[in-house]
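Visitor:
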Amino acid sequence: MFEKKNFFVAPLAGITDKPFRQIIRQVSGDVSLVTEMISCHSLTEQHKNCPRNFDRYDDEGNIGTQIFGANVDLMADAARILQDNGAKWIDINMGCPVPKVATRAGAGAFLMRNHRLAGEIVRAVVRAVDIPVSVKTRLGWDSDHTDWRDLVNIVADNGCSFVALHGRTRAAGYVGVAEHPDVSDCPIPIIANGDIKTLNDVKQMEKLGYAGVMIGRGMLGTPWKIAEIMGENPPDNIGDIVLRHLESVIDYYGERTGVPLFRKHCAWYSAGMSGAVAFRVAVNQITDAKELKDKISEFWGCVDKI
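Sequence positions in the sequence shown follow the numbering used here and run 177 to 482.
1. Between Thr463 and Val418, is the Cβ-Cβ spacing less than 8 Å?
2. Assuming Ile268 is part of the beta strand (DSSP E), what are its boundary residues?
3. Considering only their Cβ atoms, is the gap separating Ile414 from Trp476 smaller than 8 Å?
4. Can you tell me whether Ile391 is helix, strand or coil according to DSSP?
5. Where do the N-terminal and C-terminal ends of the beta strand (DSSP E) with Lys181 fall, by residue?
6. Sorted by chain position, which residues of the same chain lie with C-beta nearer than 6 Å to Leu396's C-beta, five sequence neighbours on each side aside?
7. From what residue to what residue does the alpha helix (DSSP H) around Lys224 run?
8. What span of residues does the beta strand (DSSP E) with Asn329 cover, start to end?
9. Which stretch, first to last residue, makes up the beta strand (DSSP E) that contains Ala340?
10. Going by DSSP, which residues form a beta bridge with Phe244?
11. Tell me which residues share the same chain as Ile490 and place their Cβ nearer than 8 Å to its Cβ, disregarding the 5 neighbours each side in the sequence.
12. Beta strand (DSSP E) containing Leu209: first to last residue?
13. Look up Ile239 in the DSSP assignment and give the residues it is bridged to.
14. Name the DSSP beta bridge partners of Ser310, please?
15. Among Ser450, Val207, Cys216, Thr241, whose alpha-carbon lies nearest the alpha-carbon of Asp193?
16. So, does the stretch 437-455 touch the stretch 205-219, judging by three or more C-beta pairs under 8 Å?
17. Which residues bound the alpha helix (DSSP H) around Ile297?
18. Checking 8 Å against the spacing of the C-beta atoms, do Cys336 and Ile364 come in under that value?
19. Do you know whose CA, among Lys466, Gln461, Ala186, lies nearest Val311's CA?
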(Lines of atoms letter the chains of each structure in order from A; the text may use other names.)
(Lines give C-alpha, C1' and ligand atoms only; values in the text may rest on other atoms or scores of the structure.)
Protein backbone atom coordinates (compact mmCIF):
# COMPACT_ATOMS: atom_id res chain seq x y z
CA MET A 177 0.00 0.00 0.00
CA PHE A 178 1.30 3.43 -0.93
CA GLU A 179 2.27 5.84 1.82
CA LYS A 180 0.35 9.09 2.07
CA LYS A 181 3.15 10.99 0.30
CA ASN A 182 2.51 8.76 -2.74
CA PHE A 183 -1.05 10.12 -2.98
CA PHE A 184 -1.23 13.28 -5.08
CA VAL A 185 -4.02 15.85 -5.38
CA ALA A 186 -4.31 16.69 -9.07
CA PRO A 187 -4.05 20.25 -10.36
CA LEU A 188 -7.59 21.41 -11.14
CA ALA A 189 -8.01 24.79 -12.85
CA GLY A 190 -10.10 27.16 -10.77
CA ILE A 191 -10.31 24.68 -7.89
CA THR A 192 -6.97 23.72 -6.31
CA ASP A 193 -6.21 27.27 -5.25
CA LYS A 194 -4.53 28.11 -1.95
CA PRO A 195 -7.77 28.07 0.13
CA PHE A 196 -8.72 24.61 -1.16
CA ARG A 197 -5.20 23.31 -0.58
CA GLN A 198 -5.33 24.58 3.00
CA ILE A 199 -8.52 22.59 3.61
CA ILE A 200 -7.02 19.47 2.04
CA ARG A 201 -4.01 19.76 4.35
CA GLN A 202 -6.33 19.97 7.37
CA VAL A 203 -8.43 16.91 6.49
CA SER A 204 -6.11 14.71 4.42
CA GLY A 205 -2.78 15.39 6.07
CA ASP A 206 0.61 14.99 4.45
CA VAL A 207 -0.46 14.18 0.89
CA SER A 208 1.36 15.63 -2.11
CA LEU A 209 -0.32 18.70 -3.60
CA VAL A 210 -0.10 20.28 -7.04
CA THR A 211 -1.30 23.82 -7.70
CA GLU A 212 -3.75 24.74 -10.42
CA MET A 213 -1.85 25.50 -13.61
CA ILE A 214 -0.09 28.85 -13.88
CA SER A 215 0.67 30.56 -17.19
CA CYS A 216 4.38 31.24 -17.66
CA HIS A 217 3.45 34.54 -19.33
CA SER A 218 1.15 35.64 -16.49
CA LEU A 219 3.66 34.63 -13.83
CA THR A 220 6.76 36.22 -15.34
CA GLU A 221 4.86 39.39 -16.19
CA GLN A 222 3.31 39.42 -12.68
CA HIS A 223 -0.24 40.02 -13.87
CA LYS A 224 -2.06 41.68 -10.97
CA ASN A 225 -5.45 40.08 -11.72
CA CYS A 226 -4.16 36.58 -10.96
CA PRO A 227 -3.63 36.06 -7.21
CA ARG A 228 -1.75 32.78 -7.62
CA ASN A 229 1.08 34.70 -9.32
CA PHE A 230 1.96 35.95 -5.84
CA ASP A 231 1.48 32.79 -3.75
CA ARG A 232 4.19 31.56 -1.44
CA TYR A 233 4.48 27.85 -0.74
CA ASP A 234 6.84 27.67 2.24
CA ASP A 235 4.07 26.55 4.59
CA GLU A 236 2.34 24.11 2.20
CA GLY A 237 4.41 20.99 2.76
CA ASN A 238 5.17 18.77 -0.22
CA ILE A 239 3.76 20.88 -3.04
CA GLY A 240 4.50 21.08 -6.73
CA THR A 241 3.61 24.11 -8.80
CA GLN A 242 2.28 23.48 -12.29
CA ILE A 243 3.18 25.78 -15.17
CA PHE A 244 2.08 25.78 -18.79
CA GLY A 245 3.37 27.47 -21.90
CA ALA A 246 5.23 26.93 -25.16
CA ASN A 247 8.03 29.48 -24.74
CA VAL A 248 11.14 27.66 -23.53
CA ASP A 249 12.82 30.68 -21.93
CA LEU A 250 9.67 31.89 -20.18
CA MET A 251 8.99 28.41 -18.81
CA ALA A 252 12.48 28.37 -17.32
CA ASP A 253 12.01 31.86 -15.86
CA ALA A 254 8.64 30.87 -14.37
CA ALA A 255 10.20 27.80 -12.77
CA ARG A 256 12.86 29.95 -11.09
CA ILE A 257 10.21 32.25 -9.64
CA LEU A 258 8.22 29.32 -8.24
CA GLN A 259 11.32 27.74 -6.75
CA ASP A 260 12.14 31.04 -5.04
CA ASN A 261 8.56 31.15 -3.73
CA GLY A 262 8.95 27.82 -1.96
CA ALA A 263 7.76 25.15 -4.40
CA LYS A 264 9.15 21.68 -3.71
CA TRP A 265 9.04 20.65 -7.36
CA ILE A 266 7.95 22.05 -10.73
CA ASP A 267 5.27 20.30 -12.79
CA ILE A 268 4.92 20.97 -16.51
CA ASN A 269 1.44 20.69 -18.01
CA MET A 270 1.46 18.55 -21.15
CA GLY A 271 -2.10 17.31 -20.92
CA CYS A 272 -4.62 20.15 -20.66
CA PRO A 273 -7.18 19.58 -23.47
CA VAL A 274 -8.83 23.02 -23.29
CA PRO A 275 -8.62 24.66 -26.76
CA LYS A 276 -7.23 28.00 -25.56
CA VAL A 277 -4.30 26.10 -24.03
CA ALA A 278 -3.88 23.03 -26.25
CA THR A 279 -4.42 24.63 -29.66
CA ARG A 280 -4.38 28.41 -29.60
CA ALA A 281 -1.44 28.63 -27.16
CA GLY A 282 0.40 25.56 -28.45
CA ALA A 283 0.86 24.38 -24.86
CA GLY A 284 -0.69 21.75 -22.59
CA ALA A 285 -1.80 18.70 -24.59
CA PHE A 286 -0.34 20.18 -27.79
CA LEU A 287 3.11 19.20 -26.53
CA MET A 288 2.05 15.58 -27.06
CA ARG A 289 2.16 16.46 -30.77
CA ASN A 290 5.49 18.27 -30.56
CA HIS A 291 7.88 16.00 -28.68
CA ARG A 292 10.89 18.04 -29.71
CA LEU A 293 9.53 21.16 -28.02
CA ALA A 294 8.41 19.10 -25.03
CA GLY A 295 11.97 17.87 -24.56
CA GLU A 296 13.41 21.37 -24.94
CA ILE A 297 11.05 22.77 -22.31
CA VAL A 298 11.86 20.02 -19.82
CA ARG A 299 15.59 20.40 -20.38
CA ALA A 300 15.43 24.19 -19.91
CA VAL A 301 13.32 23.95 -16.73
CA VAL A 302 15.54 21.22 -15.25
CA ARG A 303 18.62 23.38 -15.84
CA ALA A 304 16.89 26.45 -14.37
CA VAL A 305 16.06 25.02 -10.94
CA ASP A 306 17.57 22.88 -8.19
CA ILE A 307 14.34 21.03 -7.38
CA PRO A 308 12.75 18.06 -9.20
CA VAL A 309 10.75 18.58 -12.39
CA SER A 310 7.75 16.46 -13.34
CA VAL A 311 5.33 16.30 -16.28
CA LYS A 312 1.59 15.69 -16.32
CA THR A 313 0.30 14.28 -19.59
CA ARG A 314 -2.23 11.92 -21.20
CA LEU A 315 -2.20 8.74 -23.25
CA GLY A 316 -1.92 10.75 -26.47
CA TRP A 317 -3.58 13.30 -28.70
CA ASP A 318 -6.34 10.91 -29.82
CA SER A 319 -7.00 7.18 -30.13
CA ASP A 320 -4.83 7.03 -33.27
CA HIS A 321 -1.88 8.63 -31.50
CA THR A 322 -1.42 6.98 -28.09
CA ASP A 323 2.33 7.59 -28.02
CA TRP A 324 2.68 8.41 -24.35
CA ARG A 325 5.65 6.04 -24.00
CA ASP A 326 7.62 8.05 -26.55
CA LEU A 327 6.92 11.24 -24.62
CA VAL A 328 7.87 9.63 -21.30
CA ASN A 329 11.20 8.49 -22.77
CA ILE A 330 11.91 11.94 -24.18
CA VAL A 331 11.18 13.85 -20.98
CA ALA A 332 13.12 11.26 -18.96
CA ASP A 333 16.14 11.74 -21.25
CA ASN A 334 15.92 15.48 -20.58
CA GLY A 335 15.96 15.19 -16.79
CA CYS A 336 12.30 14.77 -15.80
CA SER A 337 12.01 13.03 -12.39
CA PHE A 338 8.53 11.54 -12.75
CA VAL A 339 5.36 11.70 -14.86
CA ALA A 340 1.67 11.81 -13.91
CA LEU A 341 -0.26 9.96 -16.61
CA HIS A 342 -3.98 10.60 -17.10
CA GLY A 343 -5.63 7.52 -18.56
CA ARG A 344 -7.46 9.29 -21.38
CA THR A 345 -6.44 10.96 -24.63
CA ARG A 346 -6.77 14.67 -25.31
CA ALA A 347 -9.70 13.96 -27.62
CA ALA A 348 -11.53 12.01 -24.91
CA GLY A 349 -11.40 14.93 -22.49
CA TYR A 350 -12.97 13.58 -19.29
CA VAL A 351 -15.49 11.28 -20.97
CA GLY A 352 -15.46 7.52 -20.78
CA VAL A 353 -13.56 5.18 -18.50
CA ALA A 354 -9.89 5.92 -17.89
CA GLU A 355 -7.47 3.25 -19.13
CA HIS A 356 -4.29 2.59 -17.20
CA PRO A 357 -1.52 0.80 -19.10
CA ASP A 358 1.21 -1.23 -17.43
CA VAL A 359 4.13 1.12 -16.70
CA SER A 360 6.49 -1.27 -14.95
CA ASP A 361 9.12 -0.91 -17.69
CA CYS A 362 9.17 2.90 -17.79
CA PRO A 363 12.52 4.63 -17.13
CA ILE A 364 11.13 6.97 -14.44
CA PRO A 365 8.31 6.67 -11.86
CA ILE A 366 4.76 7.09 -13.21
CA ILE A 367 1.81 8.39 -11.17
CA ALA A 368 -1.63 7.10 -12.19
CA ASN A 369 -4.41 9.64 -12.72
CA GLY A 370 -8.03 9.22 -13.77
CA ASP A 371 -11.04 7.47 -12.17
CA ILE A 372 -9.17 6.41 -9.04
CA LYS A 373 -11.81 6.34 -6.34
CA THR A 374 -11.33 3.34 -4.07
CA LEU A 375 -8.68 1.32 -2.27
CA ASN A 376 -9.11 -1.43 -4.85
CA ASP A 377 -8.33 1.09 -7.60
CA VAL A 378 -5.16 2.06 -5.77
CA LYS A 379 -4.09 -1.57 -5.36
CA GLN A 380 -4.64 -2.17 -9.06
CA MET A 381 -2.36 0.75 -9.90
CA GLU A 382 0.36 -0.76 -7.73
CA LYS A 383 0.08 -4.04 -9.65
CA LEU A 384 0.50 -2.14 -12.92
CA GLY A 385 3.78 -0.63 -11.76
CA TYR A 386 2.70 2.87 -10.78
CA ALA A 387 4.68 4.70 -8.11
CA GLY A 388 1.65 6.56 -6.76
CA VAL A 389 -1.83 7.78 -7.57
CA MET A 390 -3.25 11.21 -8.32
CA ILE A 391 -6.85 12.05 -7.51
CA GLY A 392 -8.62 15.01 -9.08
CA ARG A 393 -12.37 15.33 -9.45
CA GLY A 394 -12.89 12.82 -6.63
CA MET A 395 -11.74 15.55 -4.24
CA LEU A 396 -14.63 17.88 -5.16
CA GLY A 397 -16.84 18.21 -2.12
CA THR A 398 -14.75 15.58 -0.32
CA PRO A 399 -11.29 17.06 0.32
CA TRP A 400 -10.82 14.21 2.83
CA LYS A 401 -11.11 11.64 0.00
CA ILE A 402 -7.52 10.43 0.19
CA ALA A 403 -7.65 9.96 3.95
CA GLU A 404 -10.89 8.03 3.45
CA ILE A 405 -9.29 5.75 0.84
CA MET A 406 -6.51 5.03 3.30
CA GLY A 407 -9.04 3.82 5.86
CA GLU A 408 -9.47 6.92 8.00
CA ASN A 409 -12.95 7.93 9.11
CA PRO A 410 -14.58 10.84 7.25
CA PRO A 411 -15.02 13.99 9.32
CA ASP A 412 -18.25 14.36 11.28
CA ASN A 413 -18.14 18.17 11.17
CA ILE A 414 -18.54 18.82 7.45
CA GLY A 415 -20.39 22.08 8.00
CA ASP A 416 -17.48 23.45 10.01
CA ILE A 417 -15.10 22.45 7.23
CA VAL A 418 -17.29 24.25 4.68
CA LEU A 419 -17.30 27.38 6.83
CA ARG A 420 -13.52 27.31 7.27
CA HIS A 421 -13.13 26.87 3.53
CA LEU A 422 -15.43 29.84 2.85
CA GLU A 423 -13.57 32.03 5.32
CA SER A 424 -10.27 31.15 3.66
CA VAL A 425 -11.69 31.95 0.22
CA ILE A 426 -12.93 35.36 1.41
CA ASP A 427 -9.56 36.13 3.04
CA TYR A 428 -7.79 35.25 -0.20
CA TYR A 429 -10.06 36.79 -2.84
CA GLY A 430 -12.16 39.29 -0.89
CA GLU A 431 -15.90 39.07 -0.33
CA ARG A 432 -16.98 40.43 -3.71
CA THR A 433 -15.11 37.74 -5.66
CA GLY A 434 -14.99 35.03 -3.02
CA VAL A 435 -18.72 34.61 -2.31
CA PRO A 436 -19.79 33.92 -5.93
CA LEU A 437 -16.72 31.74 -6.44
CA PHE A 438 -17.62 29.59 -3.43
CA ARG A 439 -21.06 28.67 -4.76
CA LYS A 440 -19.65 25.75 -6.77
CA HIS A 441 -18.02 24.38 -3.61
CA CYS A 442 -21.37 24.56 -1.81
CA ALA A 443 -22.85 22.44 -4.60
CA TRP A 444 -20.08 19.85 -4.35
CA TYR A 445 -20.10 19.67 -0.55
CA SER A 446 -23.89 19.23 -0.45
CA ALA A 447 -24.19 16.74 -3.33
CA GLY A 448 -26.35 13.76 -2.44
CA MET A 449 -27.64 15.24 0.81
CA SER A 450 -31.30 15.70 1.64
CA GLY A 451 -32.41 19.20 0.65
CA ALA A 452 -29.31 19.80 -1.47
CA VAL A 453 -31.22 21.08 -4.50
CA ALA A 454 -33.08 23.75 -2.52
CA PHE A 455 -29.85 24.66 -0.73
CA ARG A 456 -27.99 25.18 -4.01
CA VAL A 457 -30.82 27.28 -5.45
CA ALA A 458 -30.78 29.51 -2.35
CA VAL A 459 -26.98 29.80 -2.30
CA ASN A 460 -26.84 30.85 -5.95
CA GLN A 461 -28.80 33.99 -5.08
CA ILE A 462 -26.49 35.06 -2.25
CA THR A 463 -23.82 37.75 -2.60
CA ASP A 464 -23.31 38.64 1.07
CA ALA A 465 -20.73 36.70 3.11
CA LYS A 466 -22.69 36.72 6.38
CA GLU A 467 -25.83 35.52 4.62
CA LEU A 468 -23.91 32.68 2.99
CA LYS A 469 -22.35 31.66 6.32
CA ASP A 470 -25.77 31.64 7.94
CA LYS A 471 -27.21 29.50 5.13
CA ILE A 472 -24.33 27.00 5.44
CA SER A 473 -24.73 26.87 9.22
CA GLU A 474 -28.47 26.29 8.85
CA PHE A 475 -28.03 23.53 6.25
CA TRP A 476 -25.39 21.56 8.16
CA GLY A 477 -26.67 22.41 11.63
CA CYS A 478 -23.40 23.97 12.71
CA VAL A 479 -23.25 25.07 16.32
CA ASP A 480 -20.85 27.93 15.73
CA LYS A 481 -20.75 30.43 12.90
CA ILE A 482 -17.41 31.78 11.79
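Backbone N, C-alpha and C define an ideal beta-carbon position, used for all residues, glycine too.
Guide: Working from what's here:
1. No, the Cβ-Cβ distance between Thr463 and Val418 is not below 8 Å.
2. That run of the beta strand (DSSP E) goes 265-270.
3. yes
4. DSSP, reduced to helix, strand and coil, places Ile391 within a strand of the structure shown.
5. No beta strand (DSSP E) contains Lys181, which DSSP labels as neither H nor E.
6. Within the same chain, Cβ atoms closer than 6 Å to the Cβ of Leu396 are found at Trp444, the five residues on either side in sequence being excluded.
7. First-last for Lys224: undefined, no H or E at that position.
8. Asn329 -> not in any beta strand (DSSP E); alpha helix (DSSP H) instead, spanning 324-333.
9. 338-342
10. Ser215
11. A question about residue 490 goes unanswered here, because the residues of the chain that appear run from 177 up to 482.
12. Run containing Leu209: 208-210, per the beta strand (DSSP E) assignment.
13. Leu209
14. Asp267, Phe338
15. Thr241
16. no
17. 291-304
18. yes
19. Ala186
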